[in-house]
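Written below as structure tokens is the structure these notes are about.
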Amino acid sequence: MLSIEAVRHEPDVLRRSLQARREDVAVVEELVRLDGERRALVAEVEGLRAEAKRNSKAVGEAMKAGDAAAADGQRAAGRELGERVKRLEAAEREASAQLRALLLTVPNILAGDVPDGADESANTVARAEGEPRSAESYGFGLKPHWELSEDLGITDLERGSKVAGRMFTVLGEAGARLQRALIAWMLDMHRKSHGYAERAVPYLVLRETMEGSGNLPKFADNLYHDDEDDLWLIPTAEVPLTGLHRDEIIAPGTLPLRYVAHTPCFRREKAAAGTQVRGLKRLHQFDKVEMYQLVEPERSVAVLEEIVEHASDVARGLGLPFRILELCSGDIGFQFVQSRGRVASGIHRRQRKVPIRQGKPVRSVSDKRSCFRSSRCVGSDWPC
RNA sequence: GGAGGGGUCGCAUAGUGGCCUAGUGCACCCGCCUGCUAAGCGGGAGGGCCGGAAGGCUCACGCGGGUUCGAAUCCCGCUCCCUCCGCCA
Numbered sequence: 294m295l296s297i298e299a300v301r302h303e304p305d306v307l308r309r310s311l312q313a314r315r316e317d318v319a320v321v322e323e324l325v326r327l328d329g330e331r332r333a334l335v336a337e338v339e340g341l342r343a344e345a346k347r348n349s350k351a352v353g354e355a356m357k358a359g360d361a362a363a364a365d366g367q368r369a370a371g372r373e374l375g376e377r378v379k380r381l382e383a384a385e386r387e388a389s390a391q392l393r394a395l396l397l398t399v400p401n402i403l404a405g406d407v408p409d410g411a412d413e414s415a416n417t418v419a420r421a422e423g424e425p426r427s428a429e430s431y432g433f434g435l436k437p438h439w440e441l442s443e444d445l446g447i448t449d450l451e452r453g454s455k456v457a458g459r460m461f462t463v464l465g466e467a468g469a470r471l472q473r474a475l476i477a478w479m480l481d482m483h484r485k486s487h488g489y490a491e492r493a494v495p496y497l498v499l500r501e502t503m504e505g506s507g508n509l510p511k512f513a514d515n516l517y518h519d520d521e522d523d524l525w526l527i528p529t530a531e532v533p534l535t536g537l538h539r540d541e542i543i544a545p546g547t548l549p550l551r552y553v554a555h556t557p558c559f560r561r562e563k564a565a566a567g568t569q570v571r572g573l574k575r576l577h578q579f580d581k582v583e584m585y586q587l588v589e590p591e592r593s594v595a596v597l598e599e600i601v602e603h604a605s606d607v608a609r610g611l612g613l614p615f616r617i618l619e620l621c622s623g624d625i626g627f628q629f630v631q632s633r634g635r636v637a638s639g640i641h642r643r644q645r646k647v648p649i650r651q652g653k654p655v656r657s658v659s660d661k662r663s664c665f666r667s668s669r670c671v672g673s674d675w676p677c
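Note that the working numbering gives residue 675 to position 382 of the first sequence, counting from 1, and the numbers run on in steps of one.
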């Protein structure tokens, strides 16, 4: 969530960012208006409270002086003041709640050097490594991944659907072992070679944790939710990792904090409804190894590049050709200020994006604590 | 799910209705003093609102309600931690 102070002092910064994202800028004026309302109410309620406090003191003094009649009079005045305070407090709470609710729907402010563009077609290739092989170079007919993985027992799509419905799969012996090996290999690489601390985190989190990572209320439609306990299934390890240090003040000199975690990720993938997705693409549940860093804000650009390198080592280690994309302003996720995509090349199909993305939201730049991080993930659902 | 104990400033603690404007110690920051270090002395250090500033006001004792003119303190609900019991995979 953006800090209202930043919006108040520099509304144009937010306006420009929203324009670049192709989003409505009217929200800025609405935020400023609600904020003004709220502050007026705060001033009013505090004035009344001050009066009530003075009044209480007067009661005490009257009692000490033995003037019962005066004390009673002050008491009555105090009662009346108290009721007015209560009414105003309710109005102030309501105004604050409205402001917060709106603020939660505002996407993060883009970095200044994000290239402009409307959607993913405007993303640019920053660099590429490795040569994608053509289908012909293999000298035999290639199967699409959903056939090959079934034939080799990597996946069992039919039984996945039987157990959990569409967009779930069961991994067979080969797939299960492959996934386990990839996860362990990635965790070890990031831990040993790249200096990340491994964590095992909850897959179900509180509403506050979802809000803290920018996933609620924006993506409520895409999240699985347990009504009874108001717990939410994580769509990425980024959510609990972001929550690790929520409401903490991090001592100087202890940054960067680097974490790596493997978790399953749960997504409704509503956007994919009706589109043709086969095999391992767009599952409701998939596994992911995520890198995450908390760093000083001024270092976040450099660290973003560092994480891209760390992720690239995974592709290199697997011998996969890949390209690094610079995402344009219209394609950058809600919570990010800048983003890189990494595309691993398929063998005979067109190249496509794996769920790898880097982000580094800059947030409340209030003086005492700012948020800083770079993220993010290395997918296990590699292109086939 | 039940019973009991606990949650006060970064840490440790004091505080049983108005003298709490939350004190003290440690740690921290700035000065002073000082061969060095340590100690000592003085000051500072939370959020918000108003204000150009000086400053003023307000909030903050796990969270939320209530009682009261007035709550860290009394009452109710919740939450987290600890101890025990029950239930369950």
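Cβ atoms here follow ideal geometry from the backbone N, Cα and C, with glycine treated the same way.
Cβ neighbour criterion (16 or more within 10 Å) applied to residue 432: Exposed, by the Cβ-count rule.
With DSSP collapsed to three states, give me the class of residue 557. In the three-state reduction of the DSSP assignment, residue 557 falls in the strand class.
Excluding five sequence neighbours on each side, which residues of the same chain lie with their C-beta closer than 8 Å to the C-beta of residue 601? The answer, listed in chain order, is 617, 633, 635, 651.
Just curious, the alpha helix (DSSP H) that residue 481 is in, first and last residue? Per DSSP, the continuous alpha helix (DSSP H) segment holding residue 481 begins and ends at 466-485.
If you drop the 5 nearest sequence neighbours on each side, which residues of the same chain put their C-beta closer than 7 Å to that of residue 511? If you ignore the 5 residues before and after residue 511, its C-beta comes within less than 7 Å of the C-beta of 398, 627, all in its own chain and listed in chain order.
Alpha-carbon to alpha-carbon, residue 549 and residue 299: Roughly 25 Å between the two C-alpha positions.
Taking just the CA atoms, how far does residue 401 sit from residue 604? Roughly 24 Å separates the two Cα atoms.
Is the beta carbon of residue 524 sitting closer than 7 Å to the one on residue 497? Yes.
Residue 631 - containing alpha helix (DSSP H), residue span: Judged by DSSP secondary structure, residue 631 falls outside any alpha helix (DSSP H); it is assigned neither H nor E.
At the level of alpha carbons, what is the spacing between residue 489 and residue 552? When rounded, the distance between both Cα atoms is 5 Å.
Is residue 617 helix, strand or coil when you go by DSSP? Correct three-state label for residue 617: strand.
When burial is assigned at 16 or more other CB atoms within 10 Å of the CB, is residue 574 buried or exposed? Buried: at least 16 other Cβ atoms inside 10 Å.
Which residues in the same chain as residue 308 place their Cβ atom closer than 7 Å to its Cβ, once the five residues preceding and following it in sequence are excluded? Excluding residues within five positions, the ones whose Cβ falls inside 7 Å are 318, 321.
CA nearest to the CA of residue 369, picked from 359, 351, 385: With distances taken between Cα atoms, residue 369 lies closest to 351.
Reducing DSSP to helix, strand and coil, say where residue 460 ends up. In the structure shown, the three-state DSSP call for residue 460 is coil.
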